[in-house]
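*Asks:* 1 is the number of the first residue of the sequence shown in the UniProt record's numbering; add one for each residue after it. Every residue gets a Cβ at the ideal spot worked out from N, C-alpha and C, and that includes glycine. Before we start, here is the structure in question, set down as structure tokens.
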Amino acid sequence: MNFHTVREARQWASLFLEKHHREKQVADFLLIHHLQWNRARLLADLREPFPPERADDFVRDVQAHAIDGVPLQHLTGKESFYGRIFKVNDQVLIPRPETEELVEIVLKQIDGINQPLTVVDVGTGSGVIAITLKKERPDLDVLATDISEGALQVARKNASLHQAEVCFYQGNYLKPLIDKNIRADVVISNPPYIPLHQKDQLSEVVKNYDPSLALFGGEDGLDAYREIIRQLSAVKKKKTCLAFEIGYDQGEAVAGMIKGSFPESSPVIEKDINGKDRIVYSWIG
Ligand code: GLN
Numbered sequence: 001m002n003f004h005t006v007r008e009a010r011q012w013a014s015l016f017l018e019k020h021h022r023e024k025q026v027a028d029f030l031l032i033h034h035l036q037w038n039r040a041r042l043l044a045d046l047r048e049p050f051p052p053e054r055a056d057d058f059v060r061d062v063q064a065h066a067i068d069g070v071p072l073q074h075l076t077g078k079e080s081f082y083g084r085i086f087k088v089n090d091q092v093l094i095p096r097p098e099t100e101e102l103v104e105i106v107l108k109q110i111d112g113i114n115q116p117l118t119v120v121d122v123g124t125g126s127g128v129i130a131i132t133l134k135k136e137r138p139d140l141d142v143l144a145t146d147i148s149e150g151a152l153q154v155a156r157k158n159a160s161l162h163q164a165e166v167c168f169y170q171g172n173y174l175k176p177l178i179d180k181n182i183r184a185d186v187v188i189s190n191p192p193y194i195p196l197h198q199k200d201q202l203s204e205v206v207k208n209y210d211p212s213l214a215l216f217g218g219e220d221g222l223d224a225y226r227e228i229i230r231q232l233s234a235v236k237k238k239k240t241c242l243a244f245e246i247g248y249d250q251g252e253a254v255a256g257m258i259k260g261s262f263p264e265s266s267p268v269i270e271k272d273i274n275g276k277d278r279i280v281y282s283w284i285g
């Protein structure tokens, strides 16, 4: 396919996407990606010729998204999180804006604490939580774990891209810390929490392209919380802040699990920007 102008490429892509019931705005993101322009230039220079050598790749990506539902982030290889760009691929969950709020809450909880703190991001995926915390609070000692070697490769790349000093360990939830006898002041995690039986309700984009390992938390979706809370006794200090992202209907269950294992704690359930329960956190003494 060939386009005379950027405008023509944009029109073709928008229509093609609409025909396949996809958001037509994806056309602009892909144009920006393939032309290596910014948004302002795209809107100002629509009359410029479309570089013929870029046409095939652009068309291929528009079709991949429109026809197969390949997420835009897999086509561009990136997603932004907390104001920074992170590399992503099919080995990791694409970072979601809700998770920025989890980071925000933890930063608030440790605001003003000046003694050295060890933080662990459990199931780090692309590394967004761990790396963001290190960049926002360079004084933190940040560790991160993931069971997936493929995910850790992405996380390590992101850490070096952002020059964030984070120690990555492969293993099941907190197991690497237990093995090394490391204790943490903060345990933060956005673990897989979708119940297996809800698989069919997920959008095809999520179901087909986010790794299952990053999505599903067993039959009731709570397996990861159970295991992390069980492991916590061996990792917690005299006082440790535990902060989880949760599914919209898991607040009471997860808060109950924390209270059950640590009766002195007072778990707090927080809502996300859409007014849904999304975070549970608690200081555990
Ligand atoms: N911690 C990563 C994120 O929040 C990955 C989470 C996951 O794979 N469940 O994006």
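#1: What are the start and end residues of the alpha helix (DSSP H) that includes residue 58?
#2: Any heavy atom of ligand 1 inside 8 angstroms of the beta-carbon of residue 166?
#3: For ligand 1, any of its heavy atoms closer than 8 angstroms to the Cβ of residue 195?
#4: Quick check: the segment 62-73 against the segment 40-49, are there 3 or more CB pairs under 8 angstroms?
#5: Among the candidates 264, 175, 225 and 147, whose CA atom is the shortest distance from the CA of residue 211?
#6: Heavy atom of ligand 1 less than 8 angstroms from the Cβ of residue 190, yes or no?
#7: With respect to 8 angstroms, is the separation between the Cβ of residue 200 and the closest non-hydrogen atom of ligand 1 below this value?
#8: Is residue 218 near ligand 1, judged by its Cβ being under 8 angstroms from some heavy atom?
#9: Who are the Cβ neighbours of residue 57 in its own chain at under 7 angstroms, not counting the five residues just before and after it?
#10: With a threshold of 8 angstroms, establish whether the CB of residue 249 neighbours any heavy atom of ligand 1.
#11: Taking 8 angstroms as the limit between beta carbons, can you name the residues of its chain near residue 322, skipping five residues before and five after?
#12: Starting from residue 122, trace the alpha helix (DSSP H) both ways and give me its first and last residue.
#13: Just to confirm my understanding: we take residue 79, look at its own chain, exclude 5 residues before and 5 after, and list those with CB closer than 7 angstroms. What are they?
#14: Give the range of the alpha helix (DSSP H) segment to which residue 225 is assigned.
#15: The alpha helix (DSSP H) spanning residue 242 covers which residue range?
#16: Any chance the CB of residue 156 is under 8 angstroms from a heavy atom of ligand 1?
#17: Determine which residues share a DSSP beta bridge with residue 108 and list them.
#18: Residue 219 and residue 192 look like a contact to me (Cβ under 8 angstroms); what is the Cβ gap, rounded to whole Å?
#19: Under a three-way DSSP split, which group does residue 143 fall into?
#20: Note down, in chain order, each residue of its chain lying with its Cβ closer than 6 angstroms to the Cβ of residue 130, except the 5 sequence neighbours on either side.
#21: Helix, strand or coil for residue 26 per DSSP?
#22: Could you pull the start and end residues of the beta strand (DSSP E) that residue 79 belongs to?
*Replies:* Well, looking at it:
#1: 55-63
#2: Between ligand 1 and the CB of residue 166, the shortest heavy atom gap is not smaller than 8 angstroms.
#3: Not under cutoff, so the answer is no.
#4: no
#5: 147
#6: yes
#7: no
#8: no
#9: 34
#10: No, the beta carbon of residue 249 sits no closer than 8 angstroms to any heavy atom of ligand 1.
#11: Residue 322 cannot be examined here, being either before or after the span of the chain that is shown, 1 to 285.
#12: For residue 122, there is no enclosing alpha helix (DSSP H); the residue is found in the beta strand (DSSP E) stretching over 118-122.
#13: 73, 86, 88, 94 and 95
#14: Where residue 225 is concerned, the enclosing alpha helix (DSSP H) starts and stops at 223-232.
#15: Not the alpha helix (DSSP H): residue 242 falls in the beta strand (DSSP E), residues 236-245.
#16: Outside the cutoff, so no.
#17: Looking at the DSSP assignment, residue 108 forms no beta bridge with any residue, so it has no partner.
#18: About 13 angstroms separates the two Cβ atoms, so there is no contact after all.
#19: strand
#20: 121, 124, 142, 144 and 166
#21: DSSP places residue 26 in helix when its eight states are reduced to three.
#22: 78-81
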